[in-house]
Every structure is written in structure tokens, then in C-alpha cells.
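Visitor: The UniProt record's numbering numbers the first residue of the sequence shown as 1 and each following residue consecutively. Can you keep this structure in mind? I'll have questions shortly.
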Amino acid sequence: MSRTDILKKKLEGCYVTVPTPFRDEEGFPVDEAALRTYVRFLIEGGLTADTAVFLAGGAAGDFSTMSFDERVRVAEIVIDEVAGRVPVAMGAQTTSTLELVRLAQAAQRIGADFIQVSCPFYFSHTEADFEEFVRAAAEAAPDIGLIIYNTFWNTTNISFAMVERLAQIPNVVGLKWATPRTDAMEFESVAARFSKRFTIIDNNLFFAFSAMPALGARAFEVHLCNFWPEWGLKLVREIGAGNYTEVARMLVEEAMPFYKLWVEIERDFTSGDGYLDKLCMELVGLPSSRCRPPTRDARPHYRAATLAMMRAIGTPNLVAG
């Protein structure tokens with residue numbers, strides 16, 4: 001089996017974005033002890049190398065508010081705490097090719113298995129710009145896999161032709177795939193065509209559909225794992241058994257209430273990522289925190305609604321009254 005195939009296989013299962021906890025003091029420093037507790041909770045909940053990948057310093061990990069050194073340190077802690085039991089990706093989204101190269105080299109040095117890369121934000125870069133960006137990271141860190149994340153909502157949308165060009169870069173092994181929903185069926189066309197070349201990570205919550213052989217997704221962005229790792233394990237089992245009816249039920253009855261509350265918070269109170277994950281984690285007894293500003297602290301405003309949602313979907317181990 002080639003190194004590319006080994007890395008692709010490592011990506012299969014639940015793709016879990018680990019939130020970064022902060023201490024509530026000047027500058028909101030990273031709470032390293034709490035981060036280690038998070039990682040142990042996920043592993044003790046049953047997530048293994050066969051069922052999950054942990055993303056350190058992704059969007060729910062507040063990457064956009066952290067310094068370069070903090071981002072590397074967060075990844076170091078996660079890698080150290082998993083001790084080889086679960087593959088680790090390091091978030092490497094940035095607006096600068098120079099910083100991307102530094103992040104890629106740091107990820108390779110500290111033993112990450114993957115980095116996650118998106119098209120630079122703020123400017124509307126061309127696809128040729130993005131190709132050079134990705135190739136710079138691939139050349140800087142040839143021993144790790146690159147996961148390309150299509151963050152179309154705030155960057156250049158990756159076209160089918162661009163995916164074809166990315167497929168020519170050997171250590172691009174994952175495609176974290178999200179698309180706008182149109183009649184052109186962009187999600188389906190790319191997944192169906194490229195699921196043998198890349199491990200497709202479904203970031204559109206199409207799990208009951210995307211996992212079918214015709215599309216071939218083999219990994220799934222699962223925020224619920226942060227407070228309910230057993231849910232992700234069941235998802236992997238049901239997909240492996242081809243029980244797509246049960247996967248659809250899980251999405252509608254258990255995942256959808258979480259995401260609806262997420263959208264409500266984003267619409268009515270604050271934006272960012274990770275604020276609902278962190279509140280849910282607090283309600284199962286994990287040390288938690290707010291997200292760094294400018295995302296505001298949603299916990300006092302949405303604690304009751306979140307607790308009601310978690311009860312309704314059957315979340316185990318709730319510690320709140």
C-alpha cells in the first residue's frame with residue numbers, strides 16, 4: 001500500500017474538530033489542562049484510529065484568534081495526549097503562503113498526520129493562486145497529508161476543474177467537501193468522480209446519502225462527538241453496515257436539533273464556531289470556556305435551550321439539573 005493510500009485510510013471515520021479551551025483572564029490564554037481533558041474524554045468515549053481523526057486548531061478551535069505559536073502548541077498538546085491512538089490533523093488555514101509553509105513545516109515536525117488547508121480568505125483569489133498556495137504546502141511538508149477544505153462561504157469556491165488539478169498533487173489525500181446547494185449537484189458530482197482518489201469528508205451533513213457506494217464518502221464532520229463520542233461510533237458502525245435508514249434517522253432526530261440551535265445562535269446572538277460545542281461539553285461535565293472575542297459568550301444566554309436540546313436528543317452523562 002502506498003503512503004498516499006495509508007494516509008487516505010487513516011482519514012476514514014469521524015472527523016472531530018476539537019475546541020480549544022481558554023482561561024478566563026487577560027488575553028484568554030489556552031487552557032492546556034482542559035484541552036488534555038477534552039482529548040482523553042474523546043478517547044475514553046471509544047474513538048480510535050479506526051473510527052476518528054482529531055482536528056486541532058480548526059474553526060471550532062478558534063484558529064483565527066490564535067497566534068502562530070499558540071496554534072502549534074495546541075496541536076502539540078493534542079498529538080502528545082493521543083499518543084498515537086488517533087490520527088491528528090492540524091488546522092493550517094491562513095491568508096499567507098509564507099505562514100502556510102511555516103504551519104506545514106511545524107505540523108510535520110511535531111508529528112501531525114495531516115494539515116487542513118482552505119483557499120485564503122478576505123481576497124477573492126483565483127484558482128491558479130490557490131493551486132500555487134497548496135503546492136507550496138505540499139512541497140514544504142512532503143511527509144504529511146493535505147486535506148483541502150472548500151470553505152466556499154467566505155473564499156473562492158473550488159470548481160470541478162480545480163479538484164482535478166489538486167488530484168495531481170500526491171500528498172493531497174483528503175477533500176473536506178461542502179458546496180452550495182444548487183441543481184448542478186456540485187457535491188455529488190465531485191464525490192462520485194473523486195472518492196477513489198481522495199478520502200471525501202462530508203461537511204454538508206449528507207451522511208445517509210454521501211456514504212452510499214455511488215458517492216463513496218468515507219469520513220464525516222461530526223460536531224456531536226465533542227460531547228457524545230458514542231454517537232459518532234454508532235454513525236461509523238451504521239455506515240459500515242449499510243444501514244442508511246438508521247443514519248438518516250440519527251441525522252434528523254439527533255443531529256438536526258443541535259445544528260438548528262447552532263444556526264439560531266449565529267443568527268440572533270453571535271457568530272464564529274465552537275460556541276455550541278463548548279456549551280454542550282460543559283453540560284456533560286467537561287471543563288469549558290467561551291470562544292475568544294469577537295465571538296461573544298453564548299453560555300449564559302443559551303444554557304437552558306441547549307440543555308433542553310440535549311435532553312430531547314438523548315445525550316448521555318448530562319450533569320446539569
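Cβ atoms here follow ideal geometry from the backbone N, Cα and C, with glycine treated the same way.
Taking the C-alpha atoms as reference points, what is the distance between F22 and F160?
Guide: Position 22 of the sequence shown holds residue 22. Position 160 of the sequence shown holds residue 160. In a straight line, the C-alpha of F22 is about 39 angstroms away from that of F160.
Visitor: Identify whether V53 lies in helix, strand or coil by the three-state DSSP scheme.
Guide: Counting from one through the sequence shown, the residue named residue 53 turns up at place 53. In the structure shown, V53 sits in a strand (DSSP, three-state: E or B).
Visitor: In whole angstroms, what separates the C-alpha of A305 from that of S289?
Guide: Taking the sequence shown and counting its residues from 1, the one referred to as residue 305 is at position 305. Taking the sequence shown and counting its residues from 1, the one referred to as residue 289 is at position 289. Each residue's Cα considered, the two are about 18 angstroms apart.
Visitor: Looking at the secondary structure, which residues open and close the beta strand (DSSP E) in which L175 lies?
Guide: Your numbering for residue 175 matches position 175 in the sequence shown. Segment 172-177, the beta strand (DSSP E) holding L175.
Visitor: Keeping to the same chain, check which residues put their C-beta closer than 7 angstroms to that of M185; ignore five residues upstream and five downstream.
Guide: Translated into the one-based positions of the sequence shown, residue 185 becomes position 185. Once the five neighbours on either side are set aside, M185 has no close Cβ partner at all.
Visitor: Measuring straight from C-alpha to C-alpha, what distance separates L276 and E139?
Guide: Residue mapping note: residue 276 aligns to position 276 of the sequence shown, counting from 1. Residue mapping note: residue 139 aligns to position 139 of the sequence shown, counting from 1. For L276 and E139, the distance between alpha carbons rounds to 37 angstroms.
Visitor: With a Cβ-Cβ cutoff of 8 angstroms, do E254 and E246 count as a contact?
Guide: Against the sequence shown, residue 254 aligns to sequence position 254. Against the sequence shown, residue 246 aligns to sequence position 246. In this structure, E246 does not lie closer than 8 angstroms to E254 by Cβ.
Visitor: What do you reckon, are the CB atoms on R73 and V134 nearer than 8 angstroms?
Guide: What you label residue 73 is simply residue 73 of the sequence shown in a count that begins at 1. What you label residue 134 is simply residue 134 of the sequence shown in a count that begins at 1. No, the Cβ-Cβ distance between R73 and V134 is not below 8 angstroms.
Visitor: Just the Cα atoms here: how many angstroms apart are I265 and S271?
Guide: In the sequence shown, residue 265 corresponds to position 265, counting from 1. In the sequence shown, residue 271 corresponds to position 271, counting from 1. Roughly 8 angstroms separates the two Cα atoms.
Visitor: For V117, collect the residues of the same chain with a Cβ closer than 8 angstroms to its Cβ; drop the 5 residues on either side in sequence, then sort them by chain order.
Guide: Translated into positions along the sequence shown, residue 117 becomes position 117. Taken in chain order, the residues that qualify are A92, Q93, L100, F133, V134, A137, L146, I147, I148, Y149.
Visitor: Nearest by alpha-carbon distance to V163: which of A141, T179, R85 is it?
Guide: As a position in the sequence shown, residue 163 is number 163, starting the count at 1. Minimum Cα distance to V163 is reached at T179.
Visitor: May I ask you to verify whether the region 227-234 touches the region 192-212, counting CB pairs closer than 8 angstroms and requiring at least 3?
Guide: no
Visitor: Among all the DSSP beta bridges, which residues are the ones paired with E221?
Guide: Taking the first residue of the sequence shown as 1, we reach residue 221 at position 221. In the DSSP output, where bridge partners are listed per residue, E221 has Y15.
Visitor: With DSSP as the reference, label Q116 as helix, strand or coil.
Guide: To locate residue 116, count along the sequence shown from 1; it is residue 116. Q116 falls in the strand class under three-state DSSP.
Visitor: Look at T156 and F130 and say whether their C-beta atoms are less than 8 angstroms apart.
Guide: Within the sequence shown, numbered from 1, the residue matching residue 156 stands at position 156. Within the sequence shown, numbered from 1, the residue matching residue 130 stands at position 130. Yes, Cβ-Cβ distance for T156 and F130 is below 8 angstroms.
Visitor: Please classify M309: does DSSP put it in a helix, a strand, or coil?
Guide: Within the sequence shown, the letter at position 309 stands for residue 309. Three-state result, M309: helix.
Visitor: Here's the rule: buried if 16 or more other CB atoms are within 10 angstroms of the residue's CB, otherwise exposed. What is W177?
Guide: Within the sequence shown, residue 177 is the residue found at index 177, counting from 1. Buried, because 16 or more other Cβ atoms sit within 10 Å of the Cβ of W177.
Visitor: Would you mind reading off the limits of the beta strand (DSSP E) that contains Y149?
Guide: One-based indexing of the sequence shown puts residue 149 at position 149. Element bounds for Y149: 145-149.
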